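Each residue of the sequence shown is one higher than the one before, starting from 15 at the first, in this note's numbering. Backbone N, C-alpha and C define an ideal beta-carbon position, used for all residues, glycine too. The structure displayed is predicted, hence computed values, not measured ones. Have a look at the structure below before the remarks.
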Amino acid sequence: MRLLLSLTIPHLKSCVTAPEISLCMAEQTSQEAMHNQSYQYMIETMIPSDRRTFVYEFWKTDRVLRDRCEFIAGIYQKYIDDSTAENYFIALLADYMLEGLYFYNGLN
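Structure (structure tokens):
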């Protein structure tokens, strides 16, 4: 799912013409990469290898979390398939929703 987020941000960024907003979105992409690397480092150093797959794949096995992630992924896909202004703003909201789900999942 994090990969989906990192692939979607460039789609959202491509229609931004204001340099200051484009810079913010580039910063978000950079922060997502660092954030992902930090979590990966913590998981790989603190969690035994036989349990890591469970952590990485938890969203696939928890039905409620999976349904929520797939719902948000569908919003991103709708924007990619039909790049209207309305779908753009809905995809931005989905970005924040997905981030909230990841924090919820990561802190449980």
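| Check | Outcome |
| --- | --- |
| The alpha helix (DSSP H) spanning Cys-38 covers which residue range? | 33–60 |
| At which residues does the alpha helix (DSSP H) containing Ser-63 begin and terminate? | 63–75 |
| In three-state DSSP terms, what is Asp-95? | helix |
| Does the contact criterion of 3 or more C-beta pairs under 8 Å hold for the region 79–93 versus the region 103–114? | yes |
| Which word fits Asp-109, buried or exposed, when buried means at least 16 other C-beta atoms lie within 10 angstroms of its C-beta? | buried |
| Distance check for Leu-112 and Ile-86, CA to CA, integer angstroms please. | 7 Å |
| According to DSSP, simplified to helix, strand and coil, what is Val-124? | Summary: the structure shown does not reach residue 124, with the chain confined to residues 15 through 122, and so no result is reported for it. |
| Count the other C-beta atoms from every protein chain shown that fall within 10 angstroms of the C-beta of Leu-26, then say buried if there are 16 or more, exposed otherwise. | buried |
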